[in-house]
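Residue numbering for the sequence shown follows this note's numbering, starting at 1300 and increasing by one per position. Written below as structure tokens is the structure these notes are about.
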Amino acid sequence: MGNLGGKVRRQLTVRGWLALLCAATTVVSACRKPNDDHVASTRRATLNVGAAQLTPDSPIAGLRQLSQLLALEGLARAGDDGRMQPWLAESWTSPDDGRSVVVKLKPVVKFQDGEPFDAGTAARLLPDTLRSFMGSLAGEVVSITPVNPTTVAIQFRQRSPFLIEALEATIRKPGPAMIGTGPFMIEGNSTTDLRANHSYYLGAPAIERITVSNHASVRTAWAEMLRNRLDMLWEVGSDALDSMKNSSSISLFTYTRHYQHVIAFNTQSAALRSPEIRRGLNFAVDRATVVHSALRDNGIPSSGPISPRHWAFPPDAQQFDFDARQAAGLLARGRRKSDGIHFTCLVPPDSIDERIALEVKRELAVLGVDMAVEEASRDEIVTRAANQRYEAVMTEVISGPTLFRQYLVWHTKSPSNWGHFGNATIDGSLDEVRQAPDEAAYRTAAAHLQRAFMDDPPAIFLAWSVRARAISKRFAVEAEEGRDELSTIRLWKPVNIEPRASHN
């Protein structure tokens, strides 16, 4: 009986302490500030991103583009009008008649591993950064030296506006890990997760973690979003937009990309060697109809290689407006003897590219041009283009925001010109832009570039690519005019976070 009484007393004592602990917990909970739960939820917030049609044989494919956008930054970034704006740089000046740039760095920037981004680090990393981004033009850089802890000087062989435009090259530390200065970083060796950089110089993001999942199609990803398993669709094409517009649980953010849908020519092929034929093909295409019919009005008809939003775009620029009569005359003069015009266009296995190609084929057929459409994988297209075993290819090419981007795609000596696109006429005009000594000369050179693409066209510029991102209304998105919404992702905040649906 004595032992039993001792056990009872010990049990009562334990129960008493538990009761006191519960009471204390209740008091603490009652005294907690009303927004503590919201703050805790914010810190734990995860943004689940679904990406469709990414490379399935590379597990990191779903992160590559997203991580480059969110983990890496450059000294400068280009505005939608092509003007350069400070980013990691606080400011810059161009003494020595523009043959050098003195860059003052923001003083509080650190890499995601904690190392300060100072002038010494910048001088060490920039040579490889610029070499990777600029290709052969990196040879114009003579030296990069730190002036003081927050200032670095870059010396050039000759003045060129492209050297300032190249400052948008993103900076990362060498090695297999992607370590930059951005608001998010890859989670260890993960192939699916990014986490917040709490030491970010502009303030830690409200979102703690971003998880990326790959899906076979936008439709599959959309179904997951409807089940409350995804918070964002990485990119929504025109095929899926209509089905999402009436949803009350998501917001659609549409933006115009700096890419154009084009049919690029192999100007050395027999069928397309004549500039008159290539000019005739351009006048034969009604771009407004392509946008309406093939892109379902989710695109902007092209005016040529230069964005109309670019600060140097000539206001009186000539364009390839649809003109069937002029097209017929040029095609008649360009064809050999009485032969018809036949060429084959390689098209990747994508429904949008296929619709565009078939619409162009239909329009060209009205003027007696036979454009055969041949489906080919993207790898096959790149291989055949590199060996110039093609006549034309349906693709997307970057067309801005700077003209340096145009140089990388269309100059025949650019290592980024994977399809040997362009010709001597285009090279001459691009070199004129590259060597422009001031803004007035730059404007003149831009007008000459537009004219060169008219006189000796290396492609049919069809439409500017328009895409959308679908984002759950569980997140408040801060949009910045003229930029992709992802540029402000560190400012996104969760709103009324609800329990997420189970995957089981």
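A virtual CB, placed ideally from N, CA and C, is assigned to each residue, including glycine.
By the C-beta criterion, the stretch 1475-1484 is judged not to be in contact with the stretch 1426-1436, since fewer than 3 inter-stretch pairs fall below 8 Å.
By the beta-carbon neighbour count (other beta carbons within 10 angstroms, threshold 16), Ala1569 is exposed. Taking C-alpha positions only, Gln1618 is separated from Met1753 by approximately 7 Å.
For Arg1789, the closest of Gly1434, Ala1505, Thr1711 by C-alpha to C-alpha distance is Ala1505.
By the C-beta density criterion, Thr1566 is buried, having at least 16 other C-beta atoms within 10 angstroms. When beta bridges are read from the DSSP output, Lys1792 appears opposite Ala1775. The beta-carbon separation of Tyr1558 and Ser1698, rounded to 7 Å, stays under the 8 Å limit for a contact.
Classified as buried, His1710 has 16 or more neighbouring CB atoms from the shown chains inside 10 Å of its CB. For Met1531, the pairing in a beta bridge is given by DSSP as Val1348, Ile1770.
Put simply, of Arg1572, Asn1527, Asn1597, Ser1489 the residue whose alpha carbon is nearest the alpha carbon of Thr1553 is Asn1597. Sequence-distant partners of Leu1462 (beyond 5 residues in either direction) whose C-beta falls short of 6 Å from its own C-beta, in its chain, are Phe1455. In this structure Leu1666 touches Ala1626 by the C-beta definition: roughly 6 Å separates them, less than 8 Å. In this structure, DSSP gives Glu1372 an extended state, which the three-state scheme calls strand. Counting C-beta atoms within 10 angstroms of its own C-beta, Leu1501 has fewer than 16 neighbours from the protein chains shown and is therefore classed as exposed. Within 10 angstroms of the beta-carbon of Thr1444 lie fewer than 16 other beta-carbons, which makes it exposed. For Gln1559, the secondary structure class from DSSP, reduced to helix, strand or coil, is strand. One Cα belongs to Gln1734, the other to Gly1633, and the distance between them is close to 34 Å.
The beta carbons of Ala1758 and Val1561 sit about 5 Å from each other, so the pair counts as a contact at 8 Å. Your pair Leu1365 and Leu1374 does not check out as a contact, with CB atoms roughly 22 Å apart and the cut at 8 Å. In the DSSP assignment, the residues bridged to Pro1385 are Ala1375. About 5 Å separates the CB atoms of Ile1453 and Val1400; that is less than 8 Å, so the two are in contact.
The alpha-carbon separation between Asp1649 and Leu1629 amounts to approximately 32 Å. DSSP places Ala1758 in the strand class (E or B) of the three-state scheme. Under the three-state reduction of DSSP, Arg1654 is assigned to helix. As a beta-bridge residue in DSSP terms, Met1484 pairs with Arg1494.
Per DSSP, reduced to three states, the secondary structure at Asp1669 is strand. Nearest to Ser1713 by C-alpha distance, out of Asp1730, Thr1701, Pro1700, is Asp1730.
A direct Cα-Cα distance of roughly 15 Å separates Glu1658 from Pro1647.
Taking every protein chain shown into account, the CB of Asn1686 has fewer than 16 other CB atoms within 10 angstroms, so this residue is exposed.
Shown here for Val1441: same chain residues with a beta carbon closer than 8 Å to its own, the five before and five after excluded, namely Gln1454, Phe1455, Arg1456 in chain order.
Residue pairing for Gly1598: DSSP places it in a beta bridge opposite Ser1764. Gly1603 and Glu1414 have their C-alpha atoms some 44 Å from each other.
Bridge partners of Leu1404 according to DSSP: Ala1388. Assignment of Arg1661 by DSSP, reduced to helix, strand and coil, places it in the helix class.
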